[in-house]
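A short worksheet on the structure shown next.
Number of protein chains: 2
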Amino acid sequence: MHDRSPSATHLTDTERLDRLRLIRSDNVGPRTFRSLVSHFGDPRTALAHLPDLVRRGGAAGGRICTVEEAGAELAACKKLGVSLLAPGEAQYPPRLATLDDAPPVLAVRGACEALTRPMIAIVGSRNASGAGLKFAGALARDLGDAGFVVISGLARGIDQAAHRATVESGTVAVLAGGHDKIYPPEHEDLLATLLGQGAAISEMPLGHAPRARDFPRRNRLISGASLGVVIVEAAHRSGSLITARMAAEQGREVFAVPGSPLDPRAAGTNDLIKQGATLVTEAGDVINAVQPIMERPIASDVREGDDEPFDFDIDPSEHTRIVALLGPTPISVDDLVRMSGLSPTIVRSVLLELELAGRLERHGGGMVSMI
Amino acid sequence: MHDRSPSATHLTDTERLDRLRLIRSDNVGPRTFRSLVSHFGDPRTALAHLPDLVRRGGAAGGRICTVEEAGAELAACKKLGVSLLAPGEAQYPPRLATLDDAPPVLAVRGACEALTRPMIAIVGSRNASGAGLKFAGALARDLGDAGFVVISGLARGIDQAAHRATVESGTVAVLAGGHDKIYPPEHEDLLATLLGQGAAISEMPLGHAPRARDFPRRNRLISGASLGVVIVEAAHRSGSLITARMAAEQGREVFAVPGSPLDPRAAGTNDLIKQGATLVTEAGDVINAVQPIMERPIASDVREGDDEPFDFDIDPSEHTRIVALLGPTPISVDDLVRMSGLSPTIVRSVLLELELAGRLERHGGGMVSMI
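These protein sequences, in sequence, are chains A and B. Just so we're aligned, residue 709 is where the first sequence starts under the working numbering, counting upward by one. Just so we're aligned, residue 709 is where the second sequence starts under the working numbering, counting upward by one.
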């Protein structure tokens, strides 16, 4: 069972190095990467213009990843059996590639064939009940037997139970840090075992130890790579509910396992069902819901050249006008356009320069603020 | 909080006696009662024609309730504090009155004001878990505090917990037997207590000990009198699921309390949610769903004179033709019309005669068979 036919894209060593340099440079995230490549045509040209953009954004620092640094990462990855893939390459998870903020470089390790099979995410409480762990394991096993790859976050509790039950059928662990910084450390053995039929993926460089804010960011990869996400146990305001919200925003199916109203670990999942998530008591509930999605071709949004345009021929007075309107309180880009009287293209371009200079923070819903 | 304004209908003693005689006669159920009154105009005229219809249906017996028998029931009811009400009378539960098969005579006892307040049914396993009992009690209490009357079946388990929690706020017990044949007998004390602020109702005559088949029949009154039914715990193929199905057929809301997929007592309720029942974890879930229904006037279908017509001027050869087509295997009335070449009115009339004679059994979906 494959989630789509293998892609034709293949990068040269130089292309891969350029790509890695651009995404590893300061203040360049997946969306900025995409904007730059969209404007300049390819990573190499974007890198050539980057120092100028950073300077005009008003930065003191803003380090650009050197050829040597990127080369060293590639060599270290090779030593650890880690490949660095671009969206559209053969083993890049095809659904993950469709995200607006798909990792421009994904570090993958293990039996990478697993990454192109249809995936179902199973996540839930770290502090799960015995019944929750048992159910997660049984559900994962049944989904694995039905040909799905189970993807999760290698955390304690539900994640662990889901991975462990699918070591033989294939499971994917999404890491919040680099491939050499496994969290929690006691799951290194589980990870080593699951790499036999499955894989581990990360968008972070080697040596990156995961911080608290890296986990929600990582969760978007769990939901994004999958057809749908099953939340097994989740209290009110728990991390798994963030994954559920991301899944919904990404257009993925959201599944939730019900529980007694008297069980606080079921409060989050019962709420999800009230809000429209599909109730799951057995693997068939998941399979029936994703079957029609698997039959449709994956909406490919991989091209990095069709974004809104930029214009970096900016008058210093325009730059000043926009900076004057910005402060620590988030404001919408639409308001900035209206208040500045400048074109959306100019506003967007100034904001990108400020972002690359490390002076702009982007919030949800098109809101921005100065740092 | 009242479920509607008091009705204007009031029966004379003679009308009440005639009504009681007709429904207590052999082979006259709520639907037959309705058909006869619809055709003959009132119960007294129907009673006058009944012996002739029974004879033509080919019965050996087919007892008609006498004036003395009905008078004796009325007197015994009075002694026990039981009133006999017709649909449309002031304290007849207004939503119950809208059913096609509403009891033509309802025996009520207790604080009958409770019967015109908005009701929510709470039902579930007799063999409930501690958590199920606790939740049923808490939900019932909260609904009672919000002004609703909780209606249930006085059974062990969930029913008992729901009644007990609403003794003060008002609760209604629907009996499967007569008011003097309480089942289970150990709930006689609970019943006596709940009559203070609540009521008990039954469509059965005094002295009728409930048989197994009376319970599903009774369940239609629980759902029919309510705005909606909450199923708290129910295994696969349990009696509570029959109540849920009846509620749906009657156009009532169906609510279900979720539970772990590993808990067999939640299998039925989880299935109901999959099929579209509203998931309930707190009273607010029920109240929000029934609020808009309470704001609409109750669709009154009480009139007993607008049914499809009969024609008892039947040729013996027509009678014979229909009887010849009938056997122990159920057949649809539509098929009988087509195969006999007779008019629907004639077929319907012959079937009513056979029914009154105790020779016809009606099944669901317009199917009939000979006994």
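Beta carbons are placed, not taken as given, at the ideal position from N, Cα and C, and that holds for glycine.
Is the beta carbon of residue i less than 7 Å from the beta carbon of residue j?
| i | j | result |
| --- | --- | --- |
| R771(A) | D734(A) | yes |
| L1064(B) | L761(B) | yes |
| H895(B) | L862(B) | yes |
| A839(A) | S833(B) | no |
| S860(B) | I830(B) | yes |
| L914(A) | D888(A) | yes |
| A974(B) | H944(B) | no |
| V880(A) | G906(A) | yes |
| A908(A) | S931(A) | no |
| F1018(B) | L970(A) | no |
| H871(A) | L903(A) | no |
| S1040(B) | G1074(B) | yes |
| L1068(B) | V1058(B) | no |
| L804(B) | A933(B) | yes |
| I1054(B) | E1026(B) | yes |
| L1033(B) | L1050(B) | no |
Residue i to residue j, Cα distance in whole Å?
| i | j | result |
| --- | --- | --- |
| S877(A) | D853(A) | 7 Å |
| P966(A) | A942(A) | 10 Å |
| S746(A) | T806(A) | 16 Å |
| T824(A) | V816(A) | 12 Å |
| T740(A) | L1060(A) | 7 Å |
| A900(A) | D867(A) | 15 Å |
| T1028(B) | G737(B) | 25 Å |
| T989(B) | V938(B) | 11 Å |
| L1152(A) | R919(A) | One cannot answer for residue 1152(A) here, as it falls past the ends of chain A, which runs 709 to 1079. |
| G1066(A) | R764(A) | 12 Å |
| E911(B) | E957(A) | 54 Å |
| E776(B) | P1052(B) | 37 Å |
| H718(B) | I995(B) | 32 Å |
| A784(A) | A810(A) | 23 Å |
| R1056(B) | M827(A) | 59 Å |
| L1062(B) | L898(B) | 43 Å |
| A836(B) | G865(B) | 5 Å |
| L980(B) | F1020(B) | 45 Å |
| R953(B) | C820(B) | 27 Å |
| I890(B) | E1003(B) | 36 Å |
| Y800(B) | K786(B) | 17 Å |
| Q999(B) | A991(B) | 12 Å |
Ordered along the chain, which non-local residues of its own chain (more than five positions away) have a Cβ less than 6 Å from that of residue i?
| i | result |
| --- | --- |
| L728(B) | A778 and V813 |
| I1001(B) | L935 |
| T874(A) | A848, G852 and V858 |
| G789(B) | R817 |
| G845(B) | A869 and A873 |
| D922(B) | A884 |
| L841(A) | A869 |
| V1010(B) | With a pLDDT of 46 at V1010(B), under the threshold of 50, the modelled position of this residue cannot be trusted, and the question is left open. |
Excluding the five sequence neighbours on either side, which residues of its own chain have a C-beta within less than 7 Å of the C-beta of residue i, listed in chain order?
| i | result |
| --- | --- |
| D1085(A) | In the structure displayed, chain A extends from 709 to 1079; residue 1085(A) sits before or after that span and is not available. |
| I950(A) | P924 and N927 |
| G886(A) | S910, M912, P913, L914, G915 and H916 |
| S946(A) | S833 and G976 |
Please return the same chain residues whose Cβ sits closer than 8 Å to the Cβ of residue i, not counting the five positions on each side in sequence.
| i | result |
| --- | --- |
| P1024(B) | none |
| L730(B) | V736, F741, L744, V745, P751, A754, L755, L758, C773 and P812 |
| A997(B) | G936, E961, F963 and T986 |
| G1072(B) | none |
| D1042(B) | G1074 |
| A822(A) | V857, G878, T879, V880, Q905, G906 and A907 |
| M1078(B) | V1031, L1034, G1035, P1036, L1062, R1067, L1068 and E1069 |
Spell out whether any CB of chain E is found under 7 Å from the CB atom of residue i.
| i | result |
| --- | --- |
| L788(A) | Protein chains in the displayed structure are A and B, and chain E is not among them. |
Quick one: does the C-beta of residue i sit closer than 6 Å to a heavy atom of the ligand FMN?
| i | result |
| --- | --- |
| A1007(A) | Within the structure as shown, the ligand FMN is missing, as the structure has no ligands at all. |
Is there at least one Cβ from chain A nearer than 7 Å to residue i's Cβ?
| i | result |
| --- | --- |
| V1010(B) | Model confidence at V1010(B) stands at a pLDDT of 46, short of 50, so the residue's coordinates are unreliable; what they give is reported in the following sentence. Not one chain A Cβ lies under 7 Å of V1010(B). |
Next on the checklist: Tell me which residues of the stretch 976-997 of chain A have at least one Cβ-Cβ distance to chain B shorter than 9 Å, keeping chain order.
Outcome noted: T977, N978, D979, I981, K982, T986, L987, V988, T989, E990 and D993
Item to check | Under 7 Å (Cβ pairs) to chain B, residues found in the stretch 956-971 of chain A | outcome: V965, P966, G967, S968, P969 and L970
Checklist entry - If you measure beta-carbon to beta-carbon, which residues of the stretch 825-854 of chain B are closer than 7 Å to chain A? => result Per Cβ criterion, the list reads A839, K842 and F843.
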